[in-house]
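Chemist:
Residue numbers (this note's numbering), protein chains in the order written: chain A, 156 to 428; chain B, 702 to 953.
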């Protein structure tokens, strides 16, 4: 079953990320579980790619592999045509649970990656300030993480990733735990920051409307073993809103494709219980 | 403020009950001292410098022994947390050794080191090292995986990961382990000093017994409690407060 590929002309840039034949197999004693079937994927520079799929389709695993935090069983990841080996400051993953450091304040969190790189104190302080301003948190730069709201934490995490000027942002269901208003605002902010910084973004979500709201392209992944089932180009004008009828319509189309995979996932879960 | 008042009232009440028991003459005064005679004992102990010397000697010993325990304990904690082999072998051994009261190390210490300072330091180290090692290990094991993962993602690896992520992430456990280690070190020292006669608070305590001076015994016990509390209040309470301010644990 070949995936139907529709690449929109608007994002025809050079290749930024190439995922070549990535598979992931978990071995537990005699049991083998294929989490990812060979996945091939190209993301162009400056593209906003969304991946949707039922839980257990391996979309998070794929993101961790691209980030270099998980090893694939086979295949390789190329960034700007260069093969990657392990994590690197050229692609930063934003975790669902964020992983902000509670022992550091907002500015120190944003500086963390720069400090690891060995950037001089003064320079990294300036750089951190700039990105904290970009996510509108200047007033809070000396606050500790527990003093921030959920949406603010998301923005700190975004600033911490952007401060490294990575080129590739990998986002793993970042807005799932937020209330609707905060999420809407963060969609706007993310879109603005994406336009301003020219990042290439892979955004994993289980919310199809969110994917249509944000993405240039939406990929539907199948339930275990994960593979790319279908791709959709989203050629709606930006900036979109979750409530736009066109967004809803497109989401319906994608959801139709996704439904059978969700049913499979649910069925598998029940049969295990 | 009200908390302080309540505490003052509690201790005043305690003193009053003590005085009352003395007045009831249940026991002869050489078995049960009056608050005043204990106070007198404290005063004379400080004015003839014997208490100052005892405090000085004991504090120096516990400081050296505890410092050795901290360094060794943190290192051993890291080794057992990150080496499966060491945790299954050394780690198990350490847990079982913890059931030995620290004073049991004294005969070994005296045979190995003779009646020297080294023997008493050995007892202090053996008394506190295990508690520190075990809590460092469990602290490191309980670090949420997300922290080292986020650290690696942002470019930390090797030593940088240990210093900038793993150590600070384990700090809540580490501090409670160090605090526990301190309490163990202090107790081991005093019990060691009681048997092993050279200057120090433990020896002053035994001297009180030898002289049949119950007031001195009470006075030295008060000193031991006060010093243990003081160190806890100055170092550990402060660290815990700083930690809470950053991490935002529920304040107690």
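Just so it is clear, CB atoms sit at the ideal spot from N, CA and C, and this is done for glycine as well.
#1: Taking 7 Å as the limit between beta carbons, can you name the residues of its chain near residue 844 of chain B, skipping five residues before and five after?
#2: Listed in chain order, which residues of the segment 258-272 of chain A have Cβ atoms closer than 7 Å to some Cβ of chain B?
#3: Figure out for me which residue from B:931, B:854 and B:895 has the closest Cα to the Cα of residue 884 of chain B.
#4: Report the residue ranges of all alpha helix (DSSP H) runs contained in full by the segment 342-386 of chain A; include only those spanning at least 4 residues, in chain order.
#5: At the level of alpha carbons, what is the spacing between residue 891 of chain B and residue 920 of chain B?
#6: In chain order, which alpha helix (DSSP H) runs of at least 4 residues are fully inside the segment 871-904 of chain B?
#7: For residue 182 of chain A, does the three-state DSSP call read helix, strand or coil?
#8: Identify every residue that forms a DSSP beta bridge with residue 249 of chain A.
#9: How about residue 326 of chain A and residue 356 of chain A: do their beta carbons lie closer than 9 Å?
#10: Looking at the unbroken alpha helix (DSSP H) that takes in residue 754 of chain B, where does it start and where does it end?
#11: Verify the CB distance criterion: does residue 166 of chain A have a CB-CB separation below 9 Å to chain B?
#12: Does the Cβ of residue 790 of chain B have 16 or more other Cβ atoms within 10 Å, making it buried, or fewer, making it exposed?
#13: Residues in its own chain within less than 6 Å of residue 238 of chain A by CB, not counting five upstream and five downstream?
#14: Classify residue 731 of chain B as helix, strand or coil using the three-state DSSP reduction.
#15: Suppose only complete runs of 4+ residues qualify. What are the alpha helix (DSSP H) ranges in the segment 790-845 of chain B, listed by chain order?
#16: When the Cα of residue 280 of chain A is compared with those of A:267, A:290, A:292 and A:291, which residue comes out closest?
#17: At a CB-CB cut-off below 8 Å, which residues of chain B make contact with residue 247 of chain A?
#18: When we look at the beta-carbon of residue 328 of chain A and count the other beta-carbons within 10 Å, is it buried (16 or more) or exposed?
#19: Looking at the C-beta of residue 866 of chain B, does it have a partner C-beta in chain A at a distance below 9 Å?
#20: Using beta-carbon positions only, say whether residue 758 of chain B and residue 901 of chain B come within less than 9 Å of one another.
#21: Using a threshold of 8 Å, is the CB atom of residue 217 of chain A nearer than that to any non-hydrogen atom of the ligand SAM?
#22: Between the Cα of residue 370 of chain A and the Cα atoms of A:194, A:212, A:304 and A:205, which residue gives the shortest distance?
#23: Which residues, in chain order, does the segment 222-233 of chain A contribute to contact with chain B at a C-beta distance below 7 Å?
#24: Just the Cα atoms here: how many angstroms apart are residue 294 of chain A and residue 754 of chain B?
#25: Tell me which residues of the segment 295-311 of chain A have at least one Cβ-Cβ distance to chain B shorter than 9 Å, keeping chain order.
#26: Output yes or no for whether 9 Å exceeds the beta carbon distance between residue 824 of chain B and residue 806 of chain B.
#27: Note down, in chain order, every chain B residue with its Cβ under 7 Å from the Cβ of residue 252 of chain A.
#28: So who's on the other strand from residue 187 of chain A, going by DSSP bridges?
Modeler: Considering the structure as presented:
#1: The answer, listed in chain order, is 867, 870 and 871.
#2: Flagged, chain order: 258, 267, 268, 271 and 272.
#3: Nearest neighbour of residue 884 of chain B by Cα position, chosen from B:931, B:854 and B:895, turns out to be B:931.
#4: When DSSP assignments are scanned along the segment 342-386 of chain A, the uninterrupted stretches of alpha helix (DSSP H) that are 4 or more residues long and fall wholly within it turn out to be 363-369.
#5: Rounded to the nearest angstrom, the two C-alpha atoms are 14 Å apart.
#6: Counting only unbroken stretches of 4 or more residues, the alpha helix (DSSP H) elements lying wholly within the segment 871-904 of chain B are 872-896, in sequence order.
#7: If DSSP states are grouped into helix, strand and coil, residue 182 of chain A belongs with the strands.
#8: Its beta-bridge partners are A:326.
#9: The answer is yes: Cβ separation under 9 Å.
#10: Counted as a single uninterrupted DSSP element, the alpha helix (DSSP H) harbouring residue 754 of chain B occupies residues 751-783.
#11: Because residue 166 of chain A carries a pLDDT of 47, less than 50, the predicted location of this residue cannot be relied on, and the following value inherits that uncertainty. Residue-level contact by beta carbon fails for residue 166 of chain A and chain B, as no gap is shorter than 9 Å.
#12: So residue 790 of chain B counts as exposed.
#13: The residues are 231.
#14: In the three-state DSSP reduction, residue 731 of chain B falls in the coil class, being neither helix nor strand.
#15: You should have 793-798, 806-814 and 818-842.
#16: If we check each option's Cα against that of residue 280 of chain A, A:267 comes out closest.
#17: Correct list: 854 and 855.
#18: Residue 328 of chain A is buried by the Cβ-count criterion.
#19: Yes, residue 866 of chain B lies at the interface with chain A (some Cβ there is under 9 Å from its Cβ).
#20: Yes. Within cutoff.
#21: Ligands displayed in this structure: none; no statement on the ligand SAM is therefore possible.
#22: Closest by C-alpha distance to residue 370 of chain A, out of A:194, A:212, A:304 and A:205, is A:205.
#23: The residues in question are 222 and 224.
#24: Rounded to whole angstroms, residue 294 of chain A to residue 754 of chain B spans 54 Å at the Cα level.
#25: Those would be 299, 300, 301 and 302, in chain order.
#26: A distance below 9 Å separates the beta carbons of residue 824 of chain B and residue 806 of chain B.
#27: In chain order: 847.
#28: Paired residues: A:182.
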